[in-house]
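What follows is a single structure, written as structure tokens, with notes after it.
Structure representation (structure tokens):
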């Protein structure tokens, strides 16, 4: 097959999926239009429907200034990223999957920023973690992509678990999981004992997501993802989820000194540390990635300050960074696509080949550097205003950080584009595809045009309502582009000059930084991960030793230890309880004890099985004596089936003589553990039975069995009407267990066990037919007398078992006409269908419906028929598989 023949189906498939790809691109634009229609800057919009009413949890969505800002960024940048990815991924076999993952991530991120319920927020939070993992590891054939995707999943996933605990504590403190309720009670939460633990846990979740030091390393490693992912997830959306969370919960925690110092210290350290790491880089994507860490650190620092100027600067910087960083990432993607190289020391002279990309890069870099009148300049101005409110050290710190970013911005446009093009670099034209240059150019132009023509809209629709959402202040100062000659303006000029000086010496500075022994966070992470895996392997070797006796011993040892810690008053309970015991109950108890001891000490397999059977049959008598005929019948039939299974399997069991004998010390330990558990359980049962019972629930069922369930057999009415969902679940478990057991059996291991007797063969056919008829009788009468689908099914199975011993498994299978597990699945479907009838009529699932005025039939009977078929199919599937004939 030629190469063209291989490629042709790919493009044909891609062509058929064009409408879906177009839908992915238009979806964020549609959501953006809806957001504009719904948003009101004067007041937020709340939408809420019950989710888990019993826990007071709702599906609540809230659109206020803060969430509207992020919706604009997620959808606005998302539209352009989808268009860019449309061209960037053209010709890729996995193009459709890529757009699907990107859209799923966008929807998850939207869920995070509009959720008004903290548990719902966490659900979407984890969905962003999962979808980002898929996107970072999209080039899964590359080991580096897989490793880095796993690293991001592990770091952000672990932070997500901490966040869940923090949000639960927060909801517990406020008595509600609704964010608006929690924020309204923010003043009362400060003195709560859980306030500090919840704060620490929330910060862990936010810091891991937004790559704050010491979790900063996963973000640059995520650059293994395709460029559209870097442009979207790691500039405009995912990494800002932590910033959004900090801003959203700022009204709750911002008055705490722990909040102020933690955000200030970690934000500042992240900014300066990652700025130095960015200067070391020669890979353009890594340089942008580390500068993203710097931006996230500055945003965290601004939220720590929390003044009006700081919040205005934070809002402006969130928007400015999303615009210029996404544009720069896309430009770097064009450079990579045109040359296959991202090394800044090799690239040069690309201005002729990538002219439009150069224009977009210049505009975006000017915003990044803070050149007036770009939106980046506005954010830097208000950043300095906020710093001046705190003190000179913060101003100097911001000055150094911003100057370093100016140097990086200059390097990004001068190094690759200016100068003479190297003859060693092979280039190809990529800008003929407009989808590769229109999105970055539009984002770069937005950085320039918004401050010039949209400043009033920016104030009324974003700055003011977002600041209200974050700080709950009564007044917010509007942003102005020109405020005269002042100190912040002077600081901006100094920043540009200092940044140019740093750029002029960037090569020796970078060289010197590369020689310095910077701690490698990746090595620390790998070391911790390896140690954790070694610990897990050691723990596994201790606990998962593949010896059933060891597992049982450990489980019962833990139980015995718990019971010793809280001993139960057995002697006192026995004194009051033994006086009421009747003589036949003593006899039954003695028979049970003797049978259990005989089972434990016997050296014969047959005697042990018989003793165990006696224990089961004696327990059946207990249920009979205490008026539980349905349970007694079920247990009797189950014990009978166990005997059948044992007969089939006993030849394959090891003899007791072949089993290794335990030492006397091990036996003593077993006796001690068994004695502790036996005595404790006895004391527990005696104590429970000696207490007066609360008959509220039993009286309810007794009084409503006939009136509400139209049945006199309370047990069966409970099983098929009041608690039918429990019965359905139990039967599904039975069938699933049967399938699992059958899948473990090797066909070559078993053979048919047939009893060669004419008398037995003749009588078994008659008895089996009678048992089948009797099973149907028990099924139909179960609603008003002891019986029901489960008991009837066990009777039918025993009848089929007789036929199996008299004839063969093939004979029984032929009489069933269908595969046993097929019958089981059909039975489950019948039971579900019976419950769905109520849904169609507008009532809860599995509500019992009767038509006694017409015919004595109801959905509980249909449900019980389904249970009957499911049990027959599940148990017969196991029996026939165990007794299977060899071909």
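In the UniProt record's numbering, the protein residues as written are 1 to 887. Ideal placement from N, C-alpha and C gives every residue a C-beta, glycine not left out. All figures in this text were calculated on a predicted structure; none of them were measured in a lab.
Under 8 Å between C-beta atoms of residue 247 and residue 234 | Within the chain shown, residue 247 is the residue found at index 247, counting from 1. Within the chain shown, residue 234 is the residue found at index 234, counting from 1. With a cutoff of 8 Å on beta-carbon distance, residue 247 and residue 234 are scored as not near each other.
From 478, 40, 878, pick the residue whose C-alpha is nearest to that of residue 308; which is it?
-> For this step, residue 308 is matched to residue 308 along the chain shown. Checking every option, the nearest Cα to that of residue 308 belongs to 478.
In the DSSP assignment, what are the bridge partners of residue 52?
-> Residue mapping note: residue 52 aligns to position 52 of the chain shown, counting from 1. Residue 52 is bridged to 57.
Among residues of its own chain, excluding the 5 on either side of residue 890, which ones have a beta-carbon nearer than 7 Å to its beta-carbon?
-> The requested residue 890 is not part of the displayed model; the chain covers only 1 to 887.
According to DSSP, residues forming a beta bridge with residue 45 | In the chain shown, counting from the first residue as 1, residue 45 sits at position 45. According to DSSP, which records beta bridges pairwise, residue 45 is partnered with 63.
Figure out for me which residue from 180, 293, 200, 231 has the closest Cα to the Cα of residue 260.
-> Indexing the chain shown from 1 puts residue 260 at position 260. Residue 260 has its Cα closest to that of 200, out of 180, 293, 200, 231.
Going by alpha carbons, who is nearest to residue 350 out of 422, 470, 333?
-> As a working mapping, residue 350 is identified with position 350 in the chain shown. Checked all of 422, 470, 333; the closest Cα to residue 350 is 422.
Below 8 Å on the Cβ atoms is my guess for residue 360 versus residue 327; work out the distance and round it to an integer in Å.
-> Sequence index remark: in the chain shown, residue 360 carries index 360 (1-based). Sequence index remark: in the chain shown, residue 327 carries index 327 (1-based). Between residue 360 and residue 327, the beta carbon gap of about 6 Å places them in contact (Cβ cut-off 8 Å).
Indicate the three-state DSSP secondary structure (helix, strand or coil) for residue 878 in the structure shown.
-> On the chain shown, residue 878 is found 878 positions in, with the first residue counted as 1. Of the three classes helix, strand and coil, the one that applies to residue 878 here is helix, per DSSP.
So residue 101 and residue 129 are in contact, right, with Cβ under 8 Å, and what is the actual spacing, rounded?
-> Here residue 101 is taken as the residue at index 101 of the chain shown, counted from 1. Here residue 129 is taken as the residue at index 129 of the chain shown, counted from 1. 13 Å between Cβ atoms; not a contact.
Runs of alpha helix (DSSP H) lying entirely within the stretch 135–183, each at least 4 residues, in chain order = You should have 143–174.
Mind checking whether the beta-carbon of residue 560 lies closer than 7 Å to any heavy atom of the ligand GTP?
-> This structure simply doesn't include the ligand GTP, nor any ligand for that matter.
Check each candidate in 365, 460, 661 and name the one with the smallest Cα separation from residue 417.
-> Position 417 of the chain shown holds residue 417. Of the candidates 365, 460, 661, 365 places its Cα closest to the Cα of residue 417.
Assuming residue 303 and residue 263 make a contact with CB atoms under 8 Å, what is their CB distance in whole Å?
-> Taking the first residue of the chain shown as position 1, residue 303 is located at position 303. Taking the first residue of the chain shown as position 1, residue 263 is located at position 263. The Cβ separation is near 6 Å, so the contact holds.
State yes or no: is the C-beta of residue 768 within less than 8 Å of the C-beta of residue 802?
-> What you label residue 768 is simply residue 768 of the chain shown in a count that begins at 1. What you label residue 802 is simply residue 802 of the chain shown in a count that begins at 1. For residue 768 and residue 802, yes; Cβs fall inside 8 Å.
In whole angstroms, what is the alpha-carbon distance linking residue 869 and residue 818?
-> Taking the first residue of the chain shown as 1, we reach residue 869 at position 869. Taking the first residue of the chain shown as 1, we reach residue 818 at position 818. Residue 869 and residue 818: Cα-Cα distance of roughly 12 Å.
Buried or exposed: residue 750, going by 16 or more other Cβ atoms within 10 Å of its Cβ?
-> Walking along the chain shown from the start, residue 750 turns up at place 750. Summary for residue 750: the model assigns pLDDT 49, below 50, so the residue's position carries little reliability, and this model does not support an answer.
Contact under 8 Å by Cβ, residue 315 with residue 399 | Here residue 315 refers to the residue found at position 315 of the chain shown. Here residue 399 refers to the residue found at position 399 of the chain shown. No, the pair does not count as a contact, with Cβ atoms beyond the cut-off.
Would you call residue 540 buried or exposed, if buried means 16 or more other Cβ atoms sit within 10 Å of its Cβ?
-> Numbered from its first residue, the chain shown carries residue 540 at position 540. Answer is exposed; the Cβ neighbour count stays below 16.
Residue(s) in a DSSP beta bridge with residue 343 = Counting from 1 along the chain shown, the entry for residue 343 is found at position 343. Paired residue(s): 283.
Considering only residues of the same chain and omitting the five flanking positions on each side of residue 845, which have a CB-CB separation below 8 Å?
-> Along the chain shown, read from residue 1 onward, the residue named residue 845 stands at position 845. Closer than 8 Å at Cβ, skipping near neighbours: 725, 835, 836, 838, 839.
Same chain, Cβ closer than 8 Å to residue 916, neighbours up to 5 away in sequence not counted | As displayed, the chain neither begins before 1 nor continues past 887, which places residue 916 out of reach and without an answer.
Residue 459 (DSSP reduced to helix, strand or coil) = Translated into positions along the chain shown, residue 459 becomes position 459. Residue 459: helix per DSSP, three-state reduction.
Does DSSP classify residue 117 as helix, strand or coil?
-> One-based indexing of the chain shown puts residue 117 at position 117. Strand.
Under the three-state DSSP convention, the category residue 111 falls into | Sequence index remark: in the chain shown, residue 111 carries index 111 (1-based). DSSP places residue 111 in helix when its eight states are reduced to three.
Distance CB(residue 334)-CB(residue 437) smaller than 8 Å = Within the chain shown, residue 334 is the residue found at index 334, counting from 1. Within the chain shown, residue 437 is the residue found at index 437, counting from 1. Contact flag set, yes.
Coil, strand or helix - residue 484 by DSSP | Here residue 484 is taken as the residue at index 484 of the chain shown, counted from 1. Coil, per DSSP.
Are the CB atoms of residue 159 and residue 111 nearer to each other than 8 Å?
-> By 1-based counting over the chain shown, the position of residue 159 is 159. By 1-based counting over the chain shown, the position of residue 111 is 111. Taking 8 Å as the Cβ cut-off, residue 159 and residue 111 do not qualify as a contacting pair.
Secondary structure of residue 91, DSSP reduced to three states = Along the chain shown, read from residue 1 onward, the residue named residue 91 stands at position 91. When DSSP states are grouped into helix, strand and coil, residue 91 belongs to the coil group.
What distance in whole Å lies between the Cβ atoms of residue 779 and residue 864, which are believed to be in contact at a cut-off of 8 Å?
-> Position 864 of the chain shown, counted from the first residue, corresponds to residue 864. Position 779 of the chain shown, counted from the first residue, corresponds to residue 779. About 6 Å separates the beta carbons of residue 864 and residue 779, which is inside the 8 Å limit, making them a contact pair.
What did DSSP end up calling residue 851 once you bin it into helix, strand or coil?
-> Within the chain shown, residue 851 is the residue found at index 851, counting from 1. DSSP places residue 851 in coil when its eight states are reduced to three.
Where residue 462 falls, given that 16 or more other Cβ within 10 Å makes a residue buried | Residue numbering aside, residue 462 sits at position 462 when the chain shown is read from its first letter. Classification of residue 462: buried, given that the 10 Å Cβ count is 16 or more.
Residue 720 versus residue 28 - alpha carbon distance = Counting from 1 along the chain shown, the entry for residue 720 is found at position 720. Counting from 1 along the chain shown, the entry for residue 28 is found at position 28. Straight-line Cα distance between these residues: approximately 47 Å.
Assess, as a yes-or-no matter, whether the stretch 596–613 is touched by the stretch 695–705 under the definition of 3 or more beta carbon pairs within less than 8 Å.
-> No: fewer than three Cβ pairs fall under 8 Å.
CA-CA distance, residue 445 and residue 73?
-> Within the chain shown, the letter at position 445 stands for residue 445. Within the chain shown, the letter at position 73 stands for residue 73. So the two alpha carbons sit approximately 15 Å from each other.
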